[in-house]
């Protein structure tokens, strides 16, 4: 079984820019006119973006748009990539919930995406 994350977003283009520019995803496909669904890929990792308006129409009783308290972890193989990403996000004045740090068995930082989802970027270590 694979887990594919589908983020319900307020602005699909701002959200796709965040994931492509900062986290290295590419847009694999889009659907509908106007575009209200996208599939993005980075290696073996797939995420989907869908607009809140489309989701409300598609899923009767879908909850009201609320601030997310979910934590999504993106694990990288390269510590240099994690440091570089942190510096780029800092330079672009993105909002962080966790500054870059060394923790037990990992280096990590936490940043909010365009819809305030909590994105934890990490590199695991042996020590």
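Numbering (my numbering), first residue to last: 9 to 135.
Here a beta-carbon is modelled for each residue, glycine too, at the ideal position from N, C-alpha and C.
query, result
"Bounding residues of the alpha helix (DSSP H) (the contiguous stretch that carries residue 110)", "No alpha helix (DSSP H) holds residue 110; the beta strand (DSSP E) holding it covers 104-111."
"Residue of 51, 95, 113 and 72 minimising C-alpha distance to residue 133", "113"
"Three-state secondary structure assigned by DSSP to residue 90", "helix"
"Test: residue 11 CB closer than 7 Å to a CB of chain D", "Absent from the structure: chain D. Only one protein chain is present."
"Cut-off 7 Å between Cβ atoms - residues of its own chain near residue 49, not counting five sequence neighbours on either side", "33, 34 and 36"
"Buried or exposed by the 16-neighbour rule on C-beta atoms within 10 Å, applied to residue 21", "exposed"
"Residue of 15, 71, 30 and 103 minimising C-alpha distance to residue 84", "30"
"Three-state secondary structure (DSSP) of residue 98", "helix"
"Simplified DSSP state of residue 11, which is helix, strand or coil", "coil"
"Bridge partner(s) assigned by DSSP for residue 31", "Residue 31 pairs with nothing; no bridge assigned."
"Environment of residue 117 [buried if 16+ CB atoms lie within 10 Å]", "buried"
"Neighbour-count burial assignment, residue 13, 16 or more Cβ in a 10 Å radius", "exposed"
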